[in-house]
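The block underneath contains the structure these notes are about, expressed in structure tokens.
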Amino acid sequence: MGAYEEVFQAAVQDREGFWLDAARALEWEQAPTRALDESNPPFYRWFPDGVLNVAHNALDRHVAAGRGDQAALIYDSPVTGTQRTYTYGELTEEVARFAGVLRDLGVGVGDRVVVYMPMVPEAAIAMLACARLGAVHSVVFGGFAAKELAVRIDDATPAVIVSASCGIEGTRVIEYKPLLDKAIELATHKPGKRVILQRPQAEAAMGPDDLDWADAVARATPAAPVPVRSTDPLYVLYTSGTTGKPKGVVRDGGGYATALAWSMPNVYDVGPGQTIFTASDVGWVVGHSYIVYAPLLAGATTVLYEGKPVGTPDAGQFWRVCAEHGVRSLFTAPTAFRALKKEDPDGDYAKKYDLSRLRYLFLAGERLDPETYRWASALLDIPVIDHWWQTETGWPIVADPVGIEQLPVKPGSPTKPLPGWDVQILDAAGKPVPAGEDGAIVVKLPLPPGAFPTLWNDDDRFVSSYMSAFDGYYLTGDGGRIDEDGYVFVMGRTDDVINVAGHRLSTGGMEEVLASHPDVAECAVIGVADTMKGQIPRGFVVLKAGADPDPEQLRAELVQMVRDQIGAVASLKEIAVVAALPKTRSGKILRKTMRGIADGLDEPVPSTIENPDILDALRPVLRKE
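Residue numbers for the sequence shown follow our numbering, beginning at 1485 and rising by one.
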């Protein structure tokens, strides 16, 4: 039995003991005596008698242990040309002072604070200040449309909103204050005060309910950490792409902190004093977990990066950051690497920097296609770790646990489930399918610590959306298979499985074939309605920089590749070469939106879209105008 199997089985055979032992990595005001309260399924609660403060665990205890001079957070902003390093001592002081600002505005245990910020250190400081007071933060991606921000304000009913005068998206400066003012005007709930960080790129006009961040902090006295119950909410994070009433994923403090503290050494192989660079945004779950909380809980150094993988100013910025700050583990989305591959197909930028301290590349957020895996592996010559998880789960479900044992890689698979995750594949009737066959990916309840215990103010929707399709299981919404070696293959959302003349086919499988063509940087396949076959697939490909094939020849090659590798039944005949694909800000391709437009529906543009112009340019192609 290998090391991974031993650890996995330990969590199966003695769940209580395994997670109570993991919880000892934290400092508790009142240590838990039991791991799990199973009295009210599916509403499971972890460490129900534990009391702690998550911000204390992320900051103060490291200072008390004599590591106050170690770097905690490195702010690196190529879009403004600035860098700043905060030690654990400095970050603790900043967080305590801003917690004092919030406390003086009446924020206490259980109160909500909406954080609407760009990728600046103050975003992390605001989150940790809320945690210090036992308040509940709800981070809304900076620059979100006013209407969507208003919906979240009405759902979370915050006492205070923390924002900034502007954010910088690529080369554009986006003023936040007019968006925030409009959102408050639209919202039914009217928060009290707004704390505004003024940035020199665009200063905001201040109103009577607005406080200047710098002035407020200068007047504040530091606030001490407030111990709260393990089961109290730490934050509410709204899932991307929702319509109507958003789903507010609730995260508890004790279970989440325990899972994150366990994951840092065991999954990411990052410990105290080592550096992780998570190229995401604090508005997403990846940013919550692996920019802010997990690295600091582990006593590591985290890089907070304000920029893009390409264009700010070039495709070498990730490598510069890794070289300058001694990054051990880099974590980003596959779409970022597809952008790098498109702009710099030969990896020339990476060759300019000393990447000798970079040990691992972790990718998550969208399916890692084998071609991108192979390109990244060849470029960096280090382990490229695909792993799979969701906003709802808070930390990885399936991953290669390199801190325990590096498992053999199978391209297209994020390897095996982590301890606590009982992953299974079921058919439509809820019956387990044989190894190697596709079905719905589910997780047997109870979910491990760190996963969401419910939705904000909506237990009924928690049950109906996630827990009712198969009794006793969490429905992930993804489809895939588990092979005879226990490796999980995630082929995409179950609504990305199409039915062609009675044959159920994965668009992810077709994308895998298209992506393997040497001229293709990235691609998407969608199923569109067809009167004869029910659905037929349509492909869209983006070419690598410098590639200039004959379009008809390229289409013929791609069609033949799909026919050879999947079969004629796939019927993929329509492939369009496009300049770019529409995506969310977190890098997910908007396949559902593309499919709706192609089917002639009045498809709403998701609030999470990164660049609406790309979708507008694609509409005529989707509609065949």
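All C-beta atoms, glycine included, are put in the ideal place defined by N, C-alpha and C. Note that the structure is predicted; figures quoted are calculated from it, not measured.
Please work out which residues of its chain come closer than 6 Å, Cβ to Cβ, to S1861, disregarding the five sequence neighbours upstream and downstream, and give them in chain order. Around S1861: V1868.
Buried versus exposed call for E1578 [16 or more other C-beta atoms within 10 Å across all chains shown]: It counts as buried.
Can you find the residues in the same chain that come closer than 7 Å, C-beta to C-beta, to R2103, ignoring five residues on each side of it along the sequence? So the list reads I2081, once near-sequence residues are dropped.
Taking 6 Å as the limit between beta carbons, can you name the residues of its chain near A1704, skipping five residues before and five after? Shown here for A1704: same chain residues with a beta carbon closer than 6 Å to its own, the five before and five after excluded, namely R1581, G1584 and V1585 in chain order.
Report buried or exposed for N1524, applying the criterion of at least 16 other Cβ atoms within 10 angstroms of its Cβ. With fewer than 16 other Cβ atoms within 10 Å, it is exposed.
Between A1782 and P1749, how many whole angstroms is the CB-CB distance? I'm expecting something under 8 Å. Yes, they are in contact, since the Cβ atoms of A1782 and P1749 sit about 7 Å apart, within 8 Å.
Helix, strand or coil, according to DSSP, for G1651 in the structure here? G1651 carries a strand assignment under DSSP once its states are collapsed to helix, strand and coil.
Residue interval of the beta strand (DSSP E) (run including Q1567): Residues T1566 to T1571.
Between the Cα of F2139 and those of T1655, P1662 and R1616, spot the shortest distance and give me the residue it belongs to. Past the edges of the chain, shown from 1485 to 2109, lies residue 2139, and the structure says nothing about it.
If contact is defined by three or more beta carbon pairs under 8 Å, each pair taking one atom from either stretch, is the stretch 2000-2007 in contact with the stretch 2016-2036? Yes, the stretch 2016-2036 touches the stretch 2000-2007.
Per DSSP, what kind of secondary structure is T1786 in: helix, strand or coil? Here T1786 sits in strand by DSSP.
Residues in the same chain with beta-carbon distance under 7 Å from G1791, minus the five sequence neighbours each way, listed in chain order, please. For G1791, where only same-chain residues beyond five positions count, the Cβ hits under 7 Å are S1561, P1562, V1563 and Q1801.
Between D1533 and A2008, what straight-line distance do the alpha-carbon atoms span, to the nearest angstrom? Here the C-alpha atom of D1533 lies approximately 48 Å from the C-alpha atom of A2008.
Taking the beta strand (DSSP E) that Y1528 falls in, what are its first and last residues? Y1528 -> no beta strand (DSSP E), and no H or E assigned at all.
Start and end of the alpha helix (DSSP H) containing Y1660? That residue, Y1660, is in no alpha helix (DSSP H); it is neither H nor E in DSSP.
When the Cβ atoms of the stretch 1588-1595 are set against those of the stretch 1607-1619, are three or more pairs found closer than 8 Å? Segments in contact, yes.
N- and C-terminal bounds of the beta strand (DSSP E) containing G1963: Note, G1963: beta strand (DSSP E), Y1957 to I1966.
Burial state of D1765, where buried means 16 or more other Cβ atoms lie within 10 Å: Residue environment for D1765: buried (at least 16 other C-beta atoms within 10 angstroms of its C-beta).
Should the stretch 2040-2051 be regarded as contacting the stretch 2069-2076, the criterion being three or more beta carbon pairs within less than 8 Å? As far as the Cβ criterion goes, the stretch 2040-2051 does not touch the stretch 2069-2076, which means the pair count is below three.
Quick one: any contact between the stretch 1542-1560 and the stretch 1957-1974, if contact means 3 or more CB pairs under 8 Å? Result no; under three Cβ-Cβ pairs closer than 8 Å.
Can you tell me where the alpha helix (DSSP H) with D2097 in it begins and where it stops? Its alpha helix (DSSP H) spans residues P2096 to R2107.
Tell me whether T1727 is buried or exposed, calling it buried when 16 or more other Cβ atoms sit within 10 Å of its Cβ. Annotation note: pLDDT 44 at T1727 (below 50); position unreliable, coordinate value reported separately. With fewer than 16 other Cβ atoms from the protein chains shown falling within 10 Å of its own Cβ, T1727 counts as exposed.
Compute the distance between the beta-carbons of T1762 and V1754, then report whether it is under 8 Å. Going by C-beta atoms, T1762 is not nearer than 8 Å to V1754.
Select from A1671, C1650, S1649 and A1608 the residue whose C-alpha is nearest the C-alpha of L1633. Nearest of A1671, C1650, S1649 and A1608 to L1633, Cα basis: A1671.
Candidates D1505, T1517 and R1529: which alpha carbon is nearest F1936's? When only C-alpha atoms are compared, the closest one is R1529.
Would you mind reading off the limits of the beta strand (DSSP E) that contains R1812? For R1812, the uninterrupted beta strand (DSSP E) run begins and ends at V1811 to T1816, by DSSP.
Smallest Cα separation from Y1857: which of P1602, L1824 and L1788? Checked all of P1602, L1824 and L1788; the closest Cα to Y1857 is L1824.
Considering just the uninterrupted stretch of the beta strand (DSSP E) at S1747, what are its terminal residues? For S1747, no beta strand (DSSP E) segment is defined; the enclosing uninterrupted segment is the alpha helix (DSSP H) at G1738 to N1750.
Answer yes or no: do P1602 and G1626 have a C-beta to C-beta separation smaller than 8 Å? In this structure, G1626 lies closer than 8 Å to P1602 by Cβ.
Under 8 Å between the Cβ atoms of G1964 and I1925? Less than 8 Å separates the beta-carbon of G1964 from that of I1925.
So D1736 and L1718 are in contact, right, with Cβ under 8 Å, and what is the actual spacing, rounded? Right, their Cβ atoms sit about 6 Å apart.
Could you check if V1496 is buried or exposed, using at least 16 other CB atoms within 10 Å of its CB as the buried criterion? Around the beta-carbon of V1496, fewer than 16 other beta-carbon atoms lie within 10 Å, marking it exposed.
Status (buried if at least 16 other CB within 10 Å, exposed otherwise) for L2085: The residue in question, L2085, is exposed, as its Cβ has fewer than 16 Cβ neighbours within 10 Å.
Residue from V1701, S1747, A1702 and W1768 with nearest C-alpha to G1732: Restricting attention to V1701, S1747, A1702 and W1768, the CA atom closest to the CA of G1732 is found in W1768.
Mapping DSSP to helix, strand and coil, what is G1725? The predicted model places G1725 with a pLDDT of 41, which falls under 50 and marks its position as unreliable; any figure quoted below should be read in that light. In the structure shown, G1725 sits in coil (DSSP, three-state: anything other than H, G, I, E or B).
Rounded to the nearest angstrom, what separates N1537 and V1710 at their Cα positions? N1537 and V1710 have their C-alpha atoms spaced approximately 6 Å apart.
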